[in-house]
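> One structure coming up, written as structure tokens, with questions to follow.
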Amino acid sequence: MSAESLHKSATELLETWSPATGPEQSIREAMLAFLGSAPRGCLREHAAGHITASAIVFSHDEQQVLLTLHPRVGRWIQLGGHCEESDDSVAAAAFREATEESGIEGLTLEPGLYGAQAHPITCSLGLPTRHLDLLFKIKAPEGAVPVRSSESTDLRWWPVDGLPADSDVLLR
Numbered sequence: 013m014s015a016e017s018l019h020k021s022a023t024e025l026l027e028t029w030s031p032a033t034g035p036e037q038s039i040r041e042a043m044l045a046f047l048g049s050a051p052r053g054c055l056r057e058h059a060a061g062h063i064t065a066s067a068i069v070f071s072h073d074e075q076q077v078l079l080t081l082h083p084r085v086g087r088w089i090q091l092g093g094h095c096e097e098s099d100d101s102v103a104a105a106a107f108r109e110a111t112e113e114s115g116i117e118g119l120t121l122e123p124g125l126y127g128a129q130a131h132p133i134t135c136s137l138g139l140p141t142r143h144l145d146l147l148f149k150i151k152a153p154e155g156a157v158p159v160r161s162s163e164s165t166d167l168r169w170w171p172v173d174g175l176p177a178d179s180d181v182l183l184r
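Quick note, our numbering runs 12 ahead of the 1-based positions in the sequence shown.
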């Protein structure tokens, strides 16, 4: 568990991911180039930008997705956040963040990378930066009831075909 293991896991995920569209292929190549020049690029200390771990949390039947109204961003977004040196991998960071932010026990992480996005943001460093999100698909157990954490203004299930208009959530 270290910056090196996070970097290795991010690189392996991107190298083995087969994105479906041209824009996704482009972001994959950009993220791999970023990682090639930023050995500690999975940690928030890398102020110019850093890999973040995001979770698209689906209901057990995949009819709903759990979104958080993020206090800093001011929009409904997927769960997730910064990688920590104690995380074994970026996938482990996404699972940790999803569990912490949803309050749901018994989540299931699907293997592999679900997608990737990049977002300009002023995060906890207080400086403008870029979050390079690696997204993972996570399923909640049947009957899961989310519990809002202190990291969220609101937390709720949304129908996959009825997401809030200002959300920026990648669904397949």
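Just so you know, even glycine gets a beta-carbon here, dropped at the ideal spot from N, CA and C.
Who are the near neighbours of H58 in its chain, counting only those whose CB is closer than 7 Å to its CB and skipping five residues on each side?
So the qualifying residues of the chain are A50, R52.
> Check the C-beta distance from M147 over to Q90 and give it rounded, since I have them as a contact under 8 Å.
Checking the sequence, you will find Leu at residue 147 rather than Met. 7 Å between Cβ atoms; contact.
> State whether the segment 129–142 contacts the segment 95–110, with contact taken as three or more CB pairs (one from each stretch) at a distance under 8 Å.
At 8 Å Cβ cutoff, the stretches do not touch.
> First and last residue of the alpha helix (DSSP H) that includes G93?
From DSSP, G93 is part of no alpha helix (DSSP H) but of the beta strand (DSSP E) over 91–94.
> State yes or no: is the C-beta of D166 within less than 8 Å of the C-beta of L44?
Going by C-beta atoms, D166 is not nearer than 8 Å to L44.
> Taking only the alpha-carbon atoms, compute the straight-line gap between A42 and P35 and give it to the nearest angstrom.
Approximately 11 Å between the Cα atoms of the pair.
> Between R87 and S179, how many whole angstroms is the CB-CB distance? I'm expecting something under 8 Å.
Confirmed, Cβ separation roughly 6 Å.
> Would you kindly report the start and end of the unbroken beta strand (DSSP E) that includes G127?
Run containing G127: 127–134, per the beta strand (DSSP E) assignment.
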